[in-house]
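The structure under discussion appears below in the form of structure tokens.
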Ligand code: NAD
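Numbering (my numbering), first residue to last: 229 to 646.
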């Protein structure tokens, strides 16, 4: 069982580790380790049977020095104040490392959505949106989807906000359906940035991506798109997994066919063209050129890290490697491209969605993909510069060095105000 690092403490540790290499005063660093405000809400919602149920909701606005707060809304029974605080902090540094003009936020409701009807979920979502309304807006705080929320919930939030404000403001939220102001390319954006980050890392390490062996943990939105696009680079995706287990073929799996099989059956297990099936733990310790954890946080803990044999890890999931595991992988000289850069495609195309909403002008998918590529490649180059210039221990520290410097510069550049 992986060790469960407290996510807020992990975030603070990552900031401290990186700040040690920077000339940013300790009092400013301390400010960057705490959210500006955390809203805690009680949502009273009538269920289909007429009874009233009370849910806890949160929205953390971590830092707004570089622009409006930005980050998703999660529906999960494990949502907690500390989790939301940590996730909102990671959004600050994710937006900063790819240099998009946003701060960081995150929200969530303590709920298992599987236990509720669609109309109940709509009332829960609209109640949350009503309570959040004074604190969000296209220039204040722009939520987005996260675990167990998607286009449907984003459309409801947009509609609630617009009705109550008596206006149209599609830029209040991103991740909407295309008919409601969503962007082309948003669904594939996270997997696309994972592919781009993998390509750039191989290039930097002078490793050939053609024929490279790849294992991918998690075959949902992020993992399955990354698998397809990495296969398109010429790599051999030899193993993929989901919560049902892992499938393997030494000659490379047909990633599109595996996705279709999962769509039909609900899991990757049982895919006929696989040569072998094994556990997720075995997948994470395979001797491959590239490992992409794309499932949950804390997937690789210290114990597992000692057995990892991959040369490069590109984090599609948020926080898949615990801080202790990170230290071990650094010692083993495994190159880790951190989540805040590798999976930033999602928030970057959310930013494009917001820009298009404000321009009232829709871009083509080609333009979205080209702009995304430019941003991810620039961010990777800047990370490598910091890594080499400061002689940093790993790419994660380099990503935080770049990001913290940008947030600190914005804060100090604004001058002081009571
Ligand atoms: P998803 O729900 O679409 O897919 C998750 C996948 O992980 C599923 O295939 C599930 O079966 C699998 N899984 C769950 N438990 C597992 C386990 N123990 N072992 C192996 N596989 C397991 O979610 P997603 O949107 O693809 O997100 C995955 C990760 O990527 C999350 O950490 C998320 O925060 C992160 N992320 C996603 C986006 C995005 O735009 N989708 C953006 C940034 C970060």
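We put the CB at the ideal spot given by N, CA and C, even for glycine.
Rounded distance between the beta-carbons of residue j and residue i, thought under 8 Å
| i | j | result |
| --- | --- | --- |
| residue 365 | residue 400 | 6 Å |
| residue 420 | residue 571 | Contact flag wrong, Cβ pair sits at about 10 Å. |
| residue 450 | residue 422 | 7 Å |
| residue 402 | residue 582 | 6 Å |
| residue 462 | residue 448 | Residue 462 to residue 448, Cβ: 24 Å. No contact. |
| residue 354 | residue 388 | 5 Å |
| residue 359 | residue 269 | 5 Å |
| residue 626 | residue 607 | That pair is no contact at about 11 Å. |
| residue 256 | residue 352 | The pair is not a contact, with the Cβ atoms about 39 Å apart (cut-off 8 Å). |
| residue 540 | residue 433 | 7 Å |
C-beta atoms of residue i and residue j nearer than 8 Å
| i | j | result |
| --- | --- | --- |
| residue 623 | residue 566 | yes |
| residue 429 | residue 563 | yes |
| residue 271 | residue 290 | no |
| residue 329 | residue 361 | no |
| residue 530 | residue 513 | no |
| residue 333 | residue 297 | yes |
| residue 266 | residue 288 | yes |
| residue 578 | residue 372 | yes |
| residue 243 | residue 639 | no |
| residue 249 | residue 620 | yes |
| residue 357 | residue 385 | yes |
| residue 538 | residue 524 | no |
| residue 474 | residue 511 | yes |
| residue 442 | residue 415 | no |
| residue 299 | residue 280 | no |
| residue 631 | residue 325 | yes |
| residue 483 | residue 455 | yes |
| residue 650 | residue 234 | Residue 650 is absent from the model: the chain starts at 229 and stops at 646. |
| residue 245 | residue 302 | no |
Check: residue i C-beta below 7 Å from any heavy atom of ligand 1
| i | result |
| --- | --- |
| residue 597 | no |
| residue 470 | yes |
| residue 402 | no |
| residue 451 | yes |
| residue 524 | yes |
| residue 446 | yes |
| residue 418 | yes |
| residue 545 | yes |
| residue 574 | yes |
| residue 571 | yes |
| residue 306 | no |
| residue 508 | yes |
Limits of the alpha helix (DSSP H) - the one that residue i falls within
| i | result |
| --- | --- |
| residue 321 | 309–325 |
| residue 351 | 346–360 |
| residue 418 | 417–432 |
| residue 603 | 593–617 |
| residue 625 | 623–641 |
| residue 383 | 379–393 |
| residue 583 | 573–587 |
| residue 528 | No alpha helix (DSSP H) holds residue 528; DSSP gives it neither H nor E. |
| residue 280 | Residue 280 -> not in any alpha helix (DSSP H); beta strand (DSSP E) instead, spanning 280–291. |
Any chain C beta carbon closer than 8 Å to residue i
| i | result |
| --- | --- |
| residue 521 | As a matter of chain content, chain C is missing from the structure shown, which is built from one protein chain. |
heavy atom of ligand 2 below 7 Å from residue i C-beta
| i | result |
| --- | --- |
| residue 393 | Among the ligands present in this structure, namely ligand 1, ligand 2 is not found. |
Terminal residues of the beta strand (DSSP E) in which residue i lies
| i | result |
| --- | --- |
| residue 470 | 464–470 |
| residue 474 | 473–476 |
| residue 301 | 297–304 |
| residue 442 | 441–445 |
Closest residue to residue i among the options (Cα-Cα distance)
| i | options | result |
| --- | --- | --- |
| residue 636 | 331, 267 and 314 | 331 |
| residue 507 | 445, 357 and 325 | 445 |
| residue 516 | 472, 319, 464 and 509 | 464 |
| residue 341 | 455, 452, 376 and 367 | 376 |
| residue 409 | 452, 382 and 431 | 382 |
| residue 611 | 319, 327 and 316 | 327 |
| residue 501 | 478, 602 and 608 | 478 |
| residue 495 | 480, 481, 471 and 442 | 471 |
| residue 586 | 234, 397, 301 and 345 | 397 |
| residue 522 | 543, 535 and 510 | 543 |
| residue 574 | 536, 412, 280 and 435 | 412 |
| residue 453 | 487, 437, 633 and 434 | 487 |
| residue 404 | 556, 370 and 540 | 370 |
| residue 556 | 532, 547, 545 and 548 | 532 |
| residue 320 | 436, 634, 559 and 277 | 634 |
| residue 307 | 561, 335 and 317 | 335 |
| residue 236 | 254, 247, 600 and 261 | 261 |
| residue 379 | 545, 406 and 348 | 406 |
| residue 264 | 305, 363, 346 and 254 | 363 |
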